[in-house]
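Worksheet: one structure, shown below.
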Amino acid sequence: MKAVVFDEFGSPRNVLHVEERPLPEPGPGHVRVKMVLSPIHNHDLMIVTGHYGYKPPLPHVPGTEAMGVVDKLGEGVTNLAVGQRVTGGGSATWAGYYIGNAASLVPVPDSVDDATACQLVSMPLSAWRLLGELEVSAGEWIVQNAANGAVGKIIAKLAEERGVRVLNVVRREAAIAELAAEGIGDAVSTEHEDWQERARAITGGAPIRRALDSIAGRASDELMDLVADEGWLVSFGALSGRPVQISADNLLFKRAIVKGFWAAKPSTFHTPEQIRGALIEFVQKAAKGELKLPIAEVFGLDQAAEAAEASNTKGRLGKIALRGS
Numbered sequence: 003m004k005a006v007v008f009d010e011f012g013s014p015r016n017v018l019h020v021e022e023r024p025l026p027e028p029g030p031g032h033v034r035v036k037m038v039l040s041p042i043h044n045h046d047l048m049i050v051t052g053h054y055g056y057k058p059p060l061p062h063v064p065g066t067e068a069m070g071v072v073d074k075l076g077e078g079v080t081n082l083a084v085g086q087r088v089t090g091g092g093s094a095t096w097a098g099y100y101i102g103n104a105a106s107l108v109p110v111p112d113s114v115d116d117a118t119a120c121q122l123v124s125m126p127l128s129a130w131r132l133l134g135e136l137e138v139s140a141g142e143w144i145v146q147n148a149a150n151g152a153v154g155k156i157i158a159k160l161a162e163e164r165g166v167r168v169l170n171v172v173r174r175e176a177a178i179a180e181l182a183a184e185g186i187g188d189a190v191s192t193e194h195e196d197w198q199e200r201a202r203a204i205t206g207g208a209p210i211r212r213a214l215d216s217i218a219g220r221a222s223d224e225l226m227d228l229v230a231d232e233g234w235l236v237s238f239g240a241l242s243g244r245p246v247q248i249s250a251d252n253l254l255f256k257r258a259i260v261k262g263f264w265a266a267k268p269s270t271f272h273t274p275e276q277i278r279g280a281l282i283e284f285v286q287k288a289a290k291g292e293l294k295l296p297i298a299e300v301f302g303l304d305q306a307a308e309a310a311e312a313s314n315t316k317g318r319l320g321k322i323a324l325r326g327s
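Per the numbering used here, residue 3 is the first one in the sequence shown, and the count goes up by one each step.
Following this line, the structure appears as structure tokens:
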């Protein structure tokens, strides 16, 4: 089979290449899956560059999520069948075939398109876990930046279901209309110098208890300007490429709490059974047409370096994905 590989950490454009590798064999409790689509996430590229929370042994086949078709069952697997479409997290998914834990994979009905099916883990589950760990109640306000990203949109919709109010901060005025087209309101653009005053007008002066920061740099402190005393800022990403920056005024005088969130760490708030249940719920939402996760462009495995470059394009409407065959 073909597999995307890197032998050293570095720019994906320079280090990603394709090799022919033998088909992997599933062990007990695992299955072999023929990969159909595997998305390229920011954390996938960080793993390649060596700037993620862990460094895998080299050489390494990247990819942490995919949708595919069960090809072979390992010993003791009874919950899945050969030929079944499945989705779930995994490892080494940027290949023609990959190994998945049968207990973690979820069957996907034919009514769910491949693009959505291959993205039902990293972003939806991160949004679900994040919202749960914020410890907010119906009627309370949170604020998030990068709100027009996939995770931001899912958080806004999940929060609405729970009655939690979300102030959505975006960088472009046009993104407000994009969010509105998907039924997401309460948005403000940082293109306006007075955006924080506009934000306070949206909340009517109600206290904002939590902030979700996906940008870091000065954006962290700008969110903290809006957060109430003893509020939290949860760092979820660093799209700016800069460290989190928070002024002493916002940290000390507000008695603020700054936390990090990393979905790769085992959850202390949710059990594995709850997480699997949430994934099943997302599959059901997708089957009803309530959850759509678009793919902007699909590349072959031998185009992985080009695909990684395309993934850095700003303003694309959806993820970049690799096709298994």
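Even for Gly, the Cβ is constructed at its ideal location relative to N, Cα and C.
- Query: Is LYS74 near ARG34, with beta carbons less than 8 Å apart?
  - Reply: By 1-based counting over the sequence shown, the position of residue 74 is 72. By 1-based counting over the sequence shown, the position of residue 34 is 32. In this structure, ARG34 lies closer than 8 Å to LYS74 by Cβ.
- Task: Taking the CB atoms as reference points, tell me whether VAL71 and LEU82 lie closer together than 8 Å.
- Result: Here residue 71 corresponds to residue number 69 of the sequence shown, with the count starting at 1. Here residue 82 corresponds to residue number 80 of the sequence shown, with the count starting at 1. Cβ distance not < 8 Å, so VAL71 and LEU82 don't count as in contact.
- Query: If we ignore side chains and look at the alpha-carbon of each, how far apart do GLU224 and SER327 end up?
  - Reply: In the sequence shown, the residue the question calls residue 224 occupies position 222. In the sequence shown, the residue the question calls residue 327 occupies position 325. The straight-line gap from Cα to Cα measures roughly 45 Å.
- Task: Answer with buried or exposed for LYS321, where buried requires no fewer than 16 other C-beta atoms within 10 angstroms of its C-beta.
- Result: Counted from its first residue, the sequence shown places residue 321 at position 319. It is buried - the Cβ of LYS321 has at least 16 other Cβ atoms within 10 Å.
- Query: If you compare alpha carbons, which of HIS19, ARG244, ALA312 and LEU293 is closest to ALA152?
  - Reply: What you label residue 152 is simply residue 150 of the sequence shown in a count that begins at 1. When only C-alpha atoms are compared, the closest one is LEU293.
- Query: Apart from the five residues just before and just after ALA309, which ones in its own chain have a Cβ nearer than 7 Å to its Cβ?
  - Reply: Numbered from 1 along the sequence shown, position 307 holds the residue referred to as residue 309. Counting only Cβ-Cβ distances below 7 Å, and skipping sequence neighbours, we find ILE42, PHE301, ILE322 and LEU324.
- Note down the Cα distance separating ILE277 from LEU127, rounded to an integer number of angstroms. By 1-based counting over the sequence shown, the position of residue 277 is 275. By 1-based counting over the sequence shown, the position of residue 127 is 125. Near 7 Å, if we compare the C-alpha coordinates of LEU127 and ILE277.
- Message: I need the straight-line Cα distance from LEU281 to THR273, nearest angstrom please.
- Response: Position 279 of the sequence shown holds residue 281. Position 271 of the sequence shown holds residue 273. For LEU281 and THR273, the distance between alpha carbons rounds to 13 Å.
- Is ASP73 helix, strand or coil by DSSP? As a position in the sequence shown, residue 73 is number 71, starting the count at 1. If DSSP states are grouped into helix, strand and coil, ASP73 belongs with the strands.
- Would you mind listing the beta strand (DSSP E) stretches within the stretch 122-171 that are 3+ residues and don't spill past its ends, in chain order? 143-146
- Message: Can you tell me whether GLU232 is helix, strand or coil according to DSSP?
- Response: As a first step, residue 232 is located in the sequence shown; it is residue number 230 there, counting from the start. In this structure, GLU232 counts as strand in the three-state DSSP scheme.
- Contiguous beta strand (DSSP E) assignments of at least 3 residues, all confined to the stretch 212-286: 229-237 and 259-262
- Item | VAL17, DSSP secondary structure in three states | Taking the first residue of the sequence shown as 1, we reach residue 17 at position 15. In this structure, VAL17 counts as helix in the three-state DSSP scheme.
- Message: Just to confirm before moving on: does the CB-CB distance between GLU67 and VAL123 stay below 8 Å?
- Response: In the sequence shown, counting from the first residue as 1, residue 67 sits at position 65. In the sequence shown, counting from the first residue as 1, residue 123 sits at position 121. In contact: GLU67 and VAL123 (Cβ atoms closer than 8 Å).
- Task: Compare the C-alpha of ASP112 against each of ARG87, TYR99 and SER93 and name the closest.
- Result: Indexing the sequence shown from 1 puts residue 112 at position 110. Ranking the options by Cα distance to ASP112, first place goes to ARG87.
- Item | Proximity to PHE271 [Cα-Cα], best of ALA208, ARG202 and ARG131 | Taking the sequence shown and counting its residues from 1, one reaches residue 271 at position 269. Nearest of ALA208, ARG202 and ARG131 to PHE271, Cα basis: ARG131.
- May I have the straight-line CA-CA distance separating VAL79 from ASN103, to the nearest angstrom? Mapped onto the sequence shown, residue 79 falls at position 77. Mapped onto the sequence shown, residue 103 falls at position 101. Using only the alpha carbons, I get a separation of about 10 Å.
- Report back the beta-carbon spacing between SER40 and GLY65 to the nearest angstrom; my notes put them in contact at under 8 Å. Numbered from 1 along the sequence shown, position 38 holds the residue referred to as residue 40. Numbered from 1 along the sequence shown, position 63 holds the residue referred to as residue 65. At roughly 5 Å, the Cβ-Cβ gap stays under 8 Å, so SER40 and GLY65 are in contact.
- For ILE297, which of helix, strand or coil comes out of DSSP? Position 295 of the sequence shown holds residue 297. The answer is strand: DSSP assigns ILE297 an E or B state.
- Item | Rounded separation between ILE217 and LEU228 - CA only | The residue you call residue 217 lines up with position 215 of the sequence shown. The residue you call residue 228 lines up with position 226 of the sequence shown. Taking the straight line from one Cα to the other gives about 16 Å.
- Does DSSP put ALA309 in a helix, in a strand, or in coil? Residue 309 sits at position 307 when you count from the first residue of the sequence shown. If DSSP states are grouped into helix, strand and coil, ALA309 belongs with the helices.
- Query: What residue from GLY98, GLY239 and GLY90 has the CA that sits closest to VAL108's CA?
  - Reply: The residue given as residue 108 occupies position 106 in the sequence shown. Out of GLY98, GLY239 and GLY90, GLY90 has the C-alpha closest to the C-alpha of VAL108.
- Query: By how many angstroms is the C-alpha of PHE255 removed from the C-alpha of GLN286?
  - Reply: Taking the sequence shown and counting its residues from 1, the one referred to as residue 286 is at position 284. Taking the sequence shown and counting its residues from 1, the one referred to as residue 255 is at position 253. If I take the Cα positions, the gap works out to 45 Å.
- Message: Just to confirm my understanding: we take ALA221, look at its own chain, exclude 5 residues before and 5 after, and list those with CB closer than 6 Å. What are they?
- Response: Counting from 1 along the sequence shown, the entry for residue 221 is found at position 219. Excluding sequence neighbours, ALA221 sits near ASN147.
- Message: For a test of the three-state rule: what should DSSP assign to ASN81, helix, strand or coil?
- Response: Here residue 81 is taken as the residue at index 79 of the sequence shown, counted from 1. Reduced to three states, the DSSP call for ASN81 is coil.
- Message: With distance defined between alpha-carbon atoms, name the residue in THR315, GLU283 and GLY154 nearest to ALA298.
- Response: The residue given as residue 298 occupies position 296 in the sequence shown. Selected option, being the one with the closest Cα: THR315.
- Between which two residues does the beta strand (DSSP E) containing LEU39 stretch? The residue you call residue 39 lines up with position 37 of the sequence shown. Looking at the DSSP string, the run of the beta strand (DSSP E) that includes LEU39 is 32-41.
- Under the three-state reduction of DSSP, which class applies to VAL6: helix, strand or coil? Reading the sequence shown from its first residue, position 4 is the one you call residue 6. If DSSP states are grouped into helix, strand and coil, VAL6 belongs with the strands.
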